[in-house]
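In the working numbering, the protein residues as written are 101 to 411.
Okay, structure coming up:
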């Protein structure tokens, strides 16, 4: 395995009885890369992470993490990785500092080294003033930083983050991503799942999973460029009724609801604008605004899923 590759999987598959959760997955994550997993619930993202961090054995296929084989060296892999789930597995009856010391011991650090790393991370995560606070009293953004510190106290080469910013305010999310970038600059390989598509723009590379299969792989810009045609943003009065009207038009590739507007993918925006206006006027649905806009990652995501579904 190339020493510049942190994670590599080939034809990775995981079955649960008759259900195939992960289907023939192959990809690489290079050292120091921030690699994002996208996909709807049930796409296989968490199952893949559980295989990569040694919690689940693959049904078939192969993989290496930090140069170690998934099938034969799962226990050794655990010493080289950090894992942070959306549930933030912290001990609420311990203080901030006690949690760090506890996880340092779990990961095999000596008491002296655990104390040293705890001090480093308390400062790095801006938690020094909260070191003696019980964890249960922390706001969610602070708990998130403590969970990250606990996951990296042993200085892992690979970091797995499974929906780490779920329910966290935007300022805390931004600070969290700054910490991820700092670690990537230091050579830490990071695989992260997130349902916030604006966060996925921060990743170096993205993999889109659907029903256990990899359907797209590339940089955020590359994925957006796979979207055929242009995007029209339509702000109609009766949003859901307008959606049903617009989706039936032959000039429309895909249509999706984005807040109070529709995003329409089309290969002929000029003709589509005329047809959209005529169709909505015929149903007496007024349009507050209609404009051509740059495609977003969410537009690309919806278009790719629609193609796979055949809708």
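Just so it is clear, CB atoms sit at the ideal spot from N, CA and C, and this is done for glycine as well.
The C-beta of residue 203 has 16 or more other C-beta atoms within 10 Å across all chains shown, which makes the residue buried. Out of 362, 288 and 394, the CA that lies nearest to the CA of residue 259 is found in 288.
Annotation for residue 281: the continuous alpha helix (DSSP H) segment containing it runs 270-285.
In the three-state scheme derived from DSSP, where H, G and I count as helix and E and B as strand, residue 104 is classed as coil.
The DSSP assignment places 330-336 as complete runs of the beta strand (DSSP E) inside the segment 328-352, in order along the chain (cut-off: 3 residues).
Residue ranges of uninterrupted beta strand (DSSP E) with 3 or more members, entirely inside the segment 131-172 and ordered along the chain, are 134-138 and 160-165. Residue 298 carries a helical assignment under DSSP once its states are collapsed to helix, strand and coil. If you draw a straight line from the Cα of residue 344 to the Cα of residue 312, it is about 29 Å long. In its chain, beyond the 5 residues on either side, 263 and 266 have a beta carbon closer than 8 Å to the beta carbon of residue 295.
In this model, residue 114 and residue 302 are separated by some 29 Å (Cα to Cα).
As a beta-bridge residue in DSSP terms, residue 181 pairs with 258. When DSSP states are grouped into helix, strand and coil, residue 394 belongs to the coil group.
Taken in chain order, the complete beta strand (DSSP E) segments of 3 or more residues contained in the segment 202-267 are 258-262. The Cβ atoms of residue 254 and residue 209 sit closer than 8 Å to each other.
A direct Cα-Cα distance of roughly 6 Å separates residue 395 from residue 331.
Residue range 313-318 is occupied by the beta strand (DSSP E) that includes residue 313. With a threshold of 16 other beta carbon atoms within 10 Å, residue 401 meets it and is buried. The segment 110-130 and the segment 155-163 touch, with no fewer than 3 CB-CB distances between them shorter than 8 Å. DSSP places residue 355 in the uninterrupted beta strand (DSSP E) bounded by 354-358. A distance of 8 Å or more separates the beta carbons of residue 297 and residue 144. Annotation: the continuous beta strand (DSSP E) that includes residue 306 extends over 305-310. With a beta-carbon spacing of about 6 Å, residue 246 and residue 199 fall inside the 8 Å limit used to define contacts. Per the C-alpha coordinates, the member of 171, 230, 244 and 340 positioned closest to residue 184 is 244.
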